[in-house]
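Student: Positions 76 to 331 (our numbering) are the ones given, in order, by the sequence shown.
Backbone N, C-alpha and C define an ideal beta-carbon position, used for all residues, glycine too.
This structure is a prediction, so every number in the text was calculated from the model and none was measured.
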Amino acid sequence: MGVELKRSKRRPAWHKLAVSQVRHLTDDALEVTLTVPPNLRETFDFQPGQHITFQRVEADGSEVRRSYSLASTPRELAEQGTLRLGIKFIPEGSFSAYAKSSLAPGDVLEVLPPLGVFRADIEPDRHYGSIVAGSGITPILSIAAAALDTGATVTVLYSNRTEASTMFAPELAELQERHGDRFRLHHIRTRSEAASPLLTGRLTPERLRDVLAELVDPREIDEWFLCGPYEMVLGVKEVLEETGASAIHTELYYVE
Ligand SMILES: Cc1cc2nc3c(=O)[nH]c(=O)nc-3n(C[C@H](O)[C@H](O)[C@H](O)COP(=O)(O)OP(=O)(O)OC[C@H]3O[C@@H](n4cnc5c(N)ncnc54)[C@H](O)[C@@H]3O)c2cc1C
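Here it is, written out as C-alpha cells:
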C-alpha cells in the first residue's frame, strides 16, 4: 500500500498552461510560447534536449497526445517563466494541423512536464556535436544555447530543403554572432545550393563521411546528439560509430 502511494505520488500530472505567443517560423512551422506560472516553474524545470507532451480531445472525442522538444533554455524558464517549442506542420497531421490552423495566444493546453533521456549534462570544457534535419533542430537549439552560455563548444550540421524552410535560422545566426568560433554551424541544403558543393544534397552516408573528413573532425567531439526521422538518425549513427564515436544520443521523431 505504502509503495503504491509513493508510486502514484511520482506519476507526472497534466497541467494547464496558457499560450502567450504563436510566431511564424517558416511556411510550415510555428514557434509556440507557453507561460509557466511561478508555482509550476519547478515542475516544468528541464534539461536541454527534453520534451513536453500535449493532450487534446478531438471533435470526435478521441484523445491525441503529441510530444514536442523544448527550444528554449532552463535559464529562460527561470528568468522569464516561458517555454518555447517549434512545431512543424505535417499534412493531415492531427495536432500539428490544429496548431497551424487554430492555436492562438490565450489558448490553454493540457501539458505533461518535461521528460526524456535525450538530454545534455552541460559542462563548460566539452564539445557537443549534433546532426539534425528539419524540426530535429528544436532540442539542439536549447542544448546549443545552454552549452555556449557556459563556455562549451558546439558543432551543428543542420539539413533542410532550402533556406526558407529552415526553422530557427535567425536564432542560430545570432548564436553564431555572439559566440564566434565556439559555435560551428553548417547548413546542408537538399533542394537548393548550400555554402559549398560538399553541403549541397541529401546527407547520405557517403556525404557525411566526406564532411567528417573535410569539415568536422569527429575526434574533437565529446558527445553527439542526433535528432530527426528514423532512417536519417540511424544512418548517421552508423557513420559516427565507424569513426569511433561512442557517446551518441538519439531522438526519433517519426518511425514509418
Ligand atoms: C520525443 C519527441 C519529440 C518531438 N519533438 C518535435 C518537435 O520539436 N517539433 C515537431 O514538429 N515535432 C516533434 N515531434 C513529432 C511530434 O510529436 C508529432 O509526431 C508530429 O507533430 C506529427 O503529429 P500530428 O498529430 O500532427 O500528425 P499525425 O496525425 O500523428 O500524423 C499524420 C500523418 O503524418 C505522418 N507523420 C507523423 N509524424 C510525422 C513526422 N514527424 N514526419 C513526417 N510524417 C509524420 C503519419 O504517419 C500520418 O500519416 C516529436 C516527437 C517525439 C517522439
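Can you tell me whether Ser171 is helix, strand or coil according to DSSP?
Tutor: helix
Student: Could you check what DSSP says for Gly209 in three-state terms: helix, strand or coil?
Tutor: helix
Student: Tell me the rounded alpha-carbon separation between Val139 and Ala288.
Tutor: Approximately 44 Å between the Cα atoms of the pair.
Student: Based on the DSSP secondary-structure assignment, which residues constitute the bridge partners of Glu106?
Tutor: In the DSSP output, where bridge partners are listed per residue, Glu106 has Arg98 and Gly161.
Student: Does the stretch 182 to 189 come close enough to the stretch 265 to 280 that 3 or more CB-CB pairs lie under 8 Å?
Tutor: no
Student: As a quick exercise: from Glu106, Gly124 and Thr101, pick the residue whose alpha carbon is nearest that of Ser95.
Tutor: Glu106
Student: Excluding sequence positions up to five away, which residues of its chain have a Cβ less than 6 Å from the Cβ of Glu298?
Tutor: If we look at Glu298 and ignore the five residues flanking it on each side, its Cβ neighbours are Tyr203 and Ala322.
Student: Which two residues bound the contiguous beta strand (DSSP E) that contains Gly303?
Tutor: Gly303 -> beta strand (DSSP E) spans Glu298 to Pro304.
Student: Would you call Lys91 buried or exposed, if buried means 16 or more other Cβ atoms sit within 10 Å of its Cβ?
Tutor: exposed
Student: With a threshold of 16 other CB atoms inside 10 Å of the CB of His254, please say whether the residue is buried or exposed.
Tutor: buried
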